[in-house]
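K.L.:
Take any residue in the sequence shown, note its place counting from 1, add 109, and you have its number in our numbering.
In this text, a Cβ means the ideal position worked out from N, Cα and C, and glycines have one as well.
As the structure is a prediction and not an experimental result, all values here were calculated from the model.
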Amino acid sequence: MKLHIYWACATLDWCMAKDYIARDPRTGLPIATGRKQRKKNTKKQVTGPWQECSRKDILALANGEIPQLQVDWGGRRYVLPREDGIRGLGRLKGVWADRAHTCLLKALESDEATIRIAALEVLPVVAEQRSDELFDWLSVLLDDDEASVRKAASQCLEDSAPTFPSGIDSSLAQELRSPIHARSEPAWRGLKGLTETWPEVACDHIDELLLVTDVGLRRKASKLLRNIVQRAGAMGWDLISWALNDEDADVRRNASSTLASLSKKEPRIAIMLTERAILDADAKVRNNALRAIRSMDTDDSRARTLIMNGTRHTNVEVRRSCIEMLPMLLVEDKLRLIATELLQTETNAELKKMLNEYTFDASIEGTEAQKNTFLAPALPVPALEREVAQAQGQAVGLESAPLDRPPLLESTDELPQDP
């Protein structure tokens, strides 16, 4: 019996420990106890009639050993050409991977454009098993003579970027800078996908793009800072800091828009960057900095100093936002002192009105009713004393004497005499 009780208690403790989530007492958010494991990004294979083919038939069809193959799929009969055999190479895994890889290399160097396009479509899937020389061919086909092949190669680059950052590194860097929109846009989408799977590698590309002279590339790169701010760590902070110093206002706006998100994860870094953004000449950058200040923990000494300095900023909107946050920082007595000091230098009429409201003390300057609300209530009269006072006809507190009972006579001379 004791053994069963011990086992039940141990099981209960294990279940409670498993379900328990440690949370930050200030924010209520779960406390991170370790680095999140990187999720493997597996390409989803495109389905088609070739799913009904055997592995041997797929290899024979892809190598051109048989011109075509008839299969029944989805209640219909299909005649599969060599292109469909190449698309089916993604099914060949394990011991079949080497043969699929060799067959795909032959298809990539084919003279027929349709064969090369089919090979590019299945390249990301086959590369998960074996990637030797495949991305070298991808870089070659990005400059193919056929426009349809170049389009397929750009799509292949976009699909491969999140999974194979090292294989497409140079090709991605080149396509990102391409003046041709049809080639650069897939590369930018691939870089965006890379920020989710390999943020450190994406930071290297963004770092290089923020240094180019083309302002359009710098603006596009700065928009991706929002994707890496929660994942890239110190590398991401450096990029945000660099972008805040850019000469282009749009780049600084994109960088400053990440400060509110950064303040939730790394408040100390966010405060240092916000101190710089709050002094920016652009109004939108300052507004983003103010949004970050509102999301910060006001108990932090550096955040409090930042808000107090903002109350004397040259920009009216900055002063207004910081003055509005003063009641959250200060107790009433300290708030009145600070508001009195600010009134001596404030020139804006609306802010003066706000500061005057902060300096108003209802317990001293208010109406009689307002002053009475601050008075302590009188102590209650014990029931026995109340009863004795009422019996003697005396008033209790502010109450008047009862009207139904005549007041007691003070001397016996006033008593009525018996006849």
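Can you find at least 3 beta carbon pairs, one from the region 199 to 218 and one from the region 231 to 240, that sit closer than 8 Å?
P.N.:
In the pairwise beta carbon analysis, the region 199 to 218 is classified as touching the region 231 to 240: at least three pairs are separated by under 8 Å.
K.L.:
What runs of the alpha helix (DSSP H), each 4 residues or longer, lie entirely inside the region 430 to 474?
P.N.:
435 to 438, 441 to 452, 458 to 468, 471 to 474
K.L.:
Contact defined as beta carbons within less than 8 Å: I believe proline 436 pairs with leucine 446. What is the distance between those atoms, to the nearest angstrom?
P.N.:
For the purposes of this step, residue 436 is identified with residue 327 of the sequence shown, where counting begins at 1. For the purposes of this step, residue 446 is identified with residue 337 of the sequence shown, where counting begins at 1. Wrong, their Cβ atoms sit about 13 Å apart, outside the cutoff.
K.L.:
Helix, strand or coil for leucine 243? Go by DSSP, reduced to three states.
P.N.:
Taking the first residue of the sequence shown as position 1, residue 243 is located at position 134. DSSP places leucine 243 in the helix class (H, G or I) of the three-state scheme.
K.L.:
Would you list the one or two residues that DSSP bridges to aspartate 355?
P.N.:
Locating residue 355 in the sequence shown gives position 246, where the first residue counts as 1. In the DSSP output, where bridge partners are listed per residue, aspartate 355 has none listed.
K.L.:
Should glycine 203 be labelled buried (16 or more other beta-carbon atoms within 10 Å of its own) or exposed?
P.N.:
Against the sequence shown, residue 203 aligns to sequence position 94. Under this definition glycine 203 is an exposed residue.
K.L.:
For valine 360, which three-state DSSP category applies?
P.N.:
Here residue 360 corresponds to residue number 251 of the sequence shown, with the count starting at 1. Residue state, collapsed to three classes: helix.
K.L.:
For valine 249, count the other beta carbons within 10 Å of its own beta carbon; 16 or more makes it buried, fewer makes it exposed. Which is it?
P.N.:
The residue you call residue 249 lines up with position 140 of the sequence shown. Exposed, since its Cβ has fewer than 16 Cβ neighbours within 10 Å.
K.L.:
Identify which residue in Asp181, Lys329, Glu309 has its Cα closest to the Cα of isoleucine 337.
P.N.:
In the sequence shown, residue 337 corresponds to position 228, counting from 1. Nearest of Asp181, Lys329, Glu309 to isoleucine 337, Cα basis: Glu309.
K.L.:
Using 8 Å for Cβ pairs, my map puts alanine 401 next to valine 394. What's the rounded Cβ distance?
P.N.:
Your numbering for residue 401 matches position 292 in the sequence shown. Your numbering for residue 394 matches position 285 in the sequence shown. The Cβ separation is near 11 Å, so there is no contact.
K.L.:
Out of Glu221, Leu168, Leu229, point me to the one whose CA is closest to aspartate 207's CA.
P.N.:
One-based indexing of the sequence shown puts residue 207 at position 98. Nearest to aspartate 207 by C-alpha distance, out of Glu221, Leu168, Leu229, is Leu168.
K.L.:
Nearest to serine 263 by CA position, among Thr322, Leu300, Glu242, Asp241, is which residue?
P.N.:
What you label residue 263 is simply residue 154 of the sequence shown in a count that begins at 1. That would be Leu300, whose Cα lies nearest to the Cα of serine 263.
K.L.:
Within 8 Å, do at least three Cβ pairs link the region 177 to 189 to the region 156 to 165?
P.N.:
Contact holds: three or more Cβ-Cβ distances are below 8 Å.
K.L.:
Taking just the CA atoms, how far does proline 491 sit from serine 520?
P.N.:
On the sequence shown, residue 520 is found 411 positions in, with the first residue counted as 1. On the sequence shown, residue 491 is found 382 positions in, with the first residue counted as 1. Reliability fails at serine 520, whose pLDDT of 46 lies under 50, so the model's placement of it is uncertain and the value that follows must be treated cautiously. Rounded to the nearest angstrom, the two C-alpha atoms are 28 Å apart.
K.L.:
So, are the CB atoms of leucine 451 and arginine 413 less than 9 Å apart?
P.N.:
Taking the sequence shown and counting its residues from 1, the one referred to as residue 451 is at position 342. Taking the sequence shown and counting its residues from 1, the one referred to as residue 413 is at position 304. Contact flag unset, no.
K.L.:
Mind checking which residues open and close the alpha helix (DSSP H) that includes leucine 56?
P.N.:
Examination of residue 56 is not possible in this model, given that the chain is present from 110 through 528 alone.
K.L.:
Tell me, which residues are paired with proline 139 by DSSP?
P.N.:
Locating residue 139 in the sequence shown gives position 30, where the first residue counts as 1. In the DSSP output, where bridge partners are listed per residue, proline 139 has Arg132.
K.L.:
May I have the straight-line CA-CA distance separating alanine 398 from asparagine 354, to the nearest angstrom?
P.N.:
Stepping through the sequence shown from its first residue, residue 398 is reached at position 289. Stepping through the sequence shown from its first residue, residue 354 is reached at position 245. Roughly 14 Å separates the two Cα atoms.
K.L.:
Which residues bound the beta strand (DSSP E) around arginine 185?
P.N.:
Translated into the one-based positions of the sequence shown, residue 185 becomes position 76. Note, arginine 185: beta strand (DSSP E), 185 to 189.
K.L.:
Determine the DSSP secondary structure at glutamine 177, reduced to helix, strand or coil.
P.N.:
For the purposes of this step, residue 177 is identified with residue 68 of the sequence shown, where counting begins at 1. Three-state result, glutamine 177: coil.
K.L.:
Exposed or buried, what is asparagine 457 when buried is set at 16 or more other beta-carbons lying within 10 Å of its beta-carbon?
P.N.:
In the sequence shown, counting from the first residue as 1, residue 457 sits at position 348. When all chains shown are included, asparagine 457 counts as exposed.
K.L.:
In the DSSP assignment, the alpha helix (DSSP H) including asparagine 172 goes from what residue to what residue?
P.N.:
Residue mapping note: residue 172 aligns to position 63 of the sequence shown, counting from 1. Run containing asparagine 172: none; DSSP gives neither H nor E here.
K.L.:
Between the alpha carbons of alanine 364 and lysine 165, how many angstroms are there, rounded?
P.N.:
The residue labelled residue 364 in the question sits at position 255 within the sequence shown. The residue labelled residue 165 in the question sits at position 56 within the sequence shown. Roughly 54 Å between the two C-alpha positions.
K.L.:
Is it right to say valine 497 is buried, meaning 16 or more other beta carbons lie within 10 angstroms of its own, or is it exposed?
P.N.:
The residue you call residue 497 lines up with position 388 of the sequence shown. Exposed: under 16 other Cβ atoms inside 10 Å.
K.L.:
DSSP puts tryptophan 307 in a beta bridge; with which residues?
P.N.:
If you number the sequence shown from 1, residue 307 lands on position 198. Answer is none; tryptophan 307 lacks a bridge partner.
K.L.:
If leucine 348 and cysteine 312 are in contact, beta carbons under 8 Å, what's the gap, nearest whole angstrom?
P.N.:
Within the sequence shown, numbered from 1, the residue matching residue 348 stands at position 239. Within the sequence shown, numbered from 1, the residue matching residue 312 stands at position 203. 6 Å between Cβ atoms; contact.
K.L.:
Using the Cα positions of valine 258 and glutamate 267, report the straight-line distance between them to the nearest angstrom.
P.N.:
Taking the first residue of the sequence shown as 1, we reach residue 258 at position 149. Taking the first residue of the sequence shown as 1, we reach residue 267 at position 158. Cα to Cα, the separation comes out at about 14 Å.
K.L.:
The alpha helix (DSSP H) with isoleucine 387 in it runs from where to where?
P.N.:
Sequence index remark: in the sequence shown, residue 387 carries index 278 (1-based). Counting along the chain, isoleucine 387 falls outside any alpha helix (DSSP H), and DSSP gives it neither H nor E.
K.L.:
Give the C-beta separation of leucine 368 and alanine 352 to the nearest angstrom, bearing in mind that I take them to be a contact with Cβ-Cβ under 8 Å.
P.N.:
Taking the first residue of the sequence shown as position 1, residue 368 is located at position 259. Taking the first residue of the sequence shown as position 1, residue 352 is located at position 243. The pair is not a contact, with the Cβ atoms about 11 Å apart (cut-off 8 Å).
K.L.:
Less than 9 Å between CB atoms is the rule here; does aspartate 389 satisfy it with respect to chain D?
P.N.:
No chain D appears in this structure, which consists of one protein chain only.
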